[in-house]
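First comes the structure, then the notes that go with it.
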Amino acid sequence: MSPLGDQEAFAMAVEEAKMGYAEGGVPIGAVLVSRDGKLLGRGHNMRVQKGSAIHHGETSALENSGRLPASAYKGSTMYTTTGACLLYGISRVVIGENNTFLGGEAYLKQRGIEVVNMESKECQDLMEKFISEKPELWNEDIGVEKRVHTKA
Numbered sequence: 027m028s029p030l031g032d033q034e035a036f037a038m039a040v041e042e043a044k045m046g047y048a049e050g051g052v053p054i055g056a057v058l059v060s061r062d063g064k065l066l067g068r069g070h071n072m073r074v075q076k077g078s079a080i081h082h083g084e085t086s087a088l089e090n091s092g093r094l095p096a097s098a099y100k101g102s103t104m105y106t107t108t109g110a111c112l113l114y115g116i117s118r119v120v121i122g123e124n125n126t127f128l129g130g131e132a133y134l135k136q137r138g139i140e141v142v143n144m145e146s147k148e149c150q151d152l153m154e155k156f157i158s159e160k161p162e163l164w165n166e167d168i169g170v171e172k173r174v175h176t177k178a
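So the number in our numbering is just where the residue sits in the sequence shown, counting from 1, plus 26.
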């Protein structure tokens with residue numbers, strides 16, 4: 027199997043985002059690729075589907091990579107359809123777009139992590155559609171102080 031390039035790995039992340047959307051969740055997908063171009067894991071945000079606090083796209087991709095030695099992550103690239111989380115010594119992050127959500131890009135860059143923005147209209151359109159259809163889920167996912175669930 028030939029090493030994955032940016033376009034191919036990013037397309038997998040977009041597929042994951044679409045799966046999340048089809049399941050009624052937040053449409054953020056992620057793919058983790060080793061420094062030599064091997065697929066380590068892929069996943070999508072499952073917070074809504076699993077009632078989870080931690081199943082973001084990136085953490086799902088990491089979880090789906092299975093048990094690996096820490097050295098497997100060094101020099102790897104995380105492909106994600108919007109702003110990324112920072113974990114595990116990943117040295118390069120490729121994001122789909124940053125118009126709907128400016129994640130931790132500045133934080134990543136300050137720590138020497140290369141950030142590449144694909145400026146994907148497909149990702150932006152998917153996120154804009156989701157945000158307009160389900161603003162309460164988006165606010166919950168990004169931590170906006172609007173209460174989605176209140177106790178009587």
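For every residue, glycine included, the Cβ atom is placed at its ideal position computed from N, Cα and C.
The structure presented is a predicted model; accordingly, all values stated were derived computationally and were not measured.
Handout entry: Cβ contact (3+ pairs, closer than 8 Å) linking the segment 80 to 90 and the segment 55 to 65
Key = yes
Problem - Rounded C-alpha distance that separates S97 from G63 - result: Taking the sequence shown and counting its residues from 1, the one referred to as residue 97 is at position 71. Taking the sequence shown and counting its residues from 1, the one referred to as residue 63 is at position 37. The straight-line gap from Cα to Cα measures roughly 15 Å.
Practice task
Would you tell me roughly how many angstroms separate the C-alpha atoms of V141 and E166, rounded to the nearest one?
Solution key: Here the question's residue 141 lines up with position 115 in the sequence shown. Here the question's residue 166 lines up with position 140 in the sequence shown. Roughly 25 Å separates the two Cα atoms.
Practice task
Report the three-state DSSP secondary structure of L134 (helix, strand or coil).
Solution key: Working through the sequence shown from its first residue, we reach residue 134 at position 108. Helix at L134.
Handout entry: As assigned by DSSP and simplified to three states, the class of L66
Key = One-based indexing of the sequence shown puts residue 66 at position 40. Strand at L66.
Exercise for the section: Say whether the segment 43 to 52 touches the segment 142 to 157, bearing in mind that this needs 3 or more beta-carbon pairs closer than 8 Å, one atom from each stretch. Expected result: Three or more beta-carbon pairs drawn from the segment 43 to 52 and the segment 142 to 157 are found closer than 8 Å, and the two stretches are therefore classed as touching.
Practice task
Run the CB neighbour count on M104, radius 10 Å, all protein chains shown included, and call it buried at 16 or more, exposed below.
Solution key: Against the sequence shown, residue 104 aligns to sequence position 78. Classification of M104: buried, given that the 10 Å Cβ count is 16 or more.
Problem - Reduced DSSP secondary structure (H/G/I, E/B, other) of Y47 - result: Here residue 47 refers to the residue found at position 21 of the sequence shown. Three-state result, Y47: helix.
Exercise for the section: To the nearest angstrom, report how far apart T126 and Q75 are at their CA atoms. Expected result: Here residue 126 refers to the residue found at position 100 when the sequence shown is read from its first residue. Here residue 75 refers to the residue found at position 49 when the sequence shown is read from its first residue. If I take the Cα positions, the gap works out to 22 Å.
Exercise for the section: Go to G83, then tell me how far its beta strand (DSSP E) extends in each direction, as first and last residue. Expected result: On the sequence shown, residue 83 is found 57 positions in, with the first residue counted as 1. It is not in any beta strand (DSSP E) - G83 instead sits in the alpha helix (DSSP H) that spans 83 to 90.
Exercise for the section: May I ask which residues mark the beginning and end of the beta strand (DSSP E) holding I121? Expected result: By one-based count along the sequence shown, residue 121 stands at place 95. It spans 118 to 121 - the beta strand (DSSP E) in which I121 sits, taken as one unbroken run.
Exercise for the section: Using the Cα positions of H70 and H81, report the straight-line distance between them to the nearest angstrom. Expected result: Numbered from its first residue, the sequence shown carries residue 70 at position 44. Numbered from its first residue, the sequence shown carries residue 81 at position 55. So the two alpha carbons sit approximately 8 Å from each other.
Problem - A132 burial status per 10 Å Cβ neighbour count (16 or more: buried) - result: Position 106 of the sequence shown, counting from 1, holds the residue named residue 132. A132 comes out exposed.
Exercise for the section: Might you give, ordered along the chain, the residues of its own chain that have their beta carbon closer than 7 Å to the beta carbon of L163, omitting 5 neighbours on each side? Expected result: Residue numbering aside, residue 163 sits at position 137 when the sequence shown is read from its first letter. Around L163: V52, V74.
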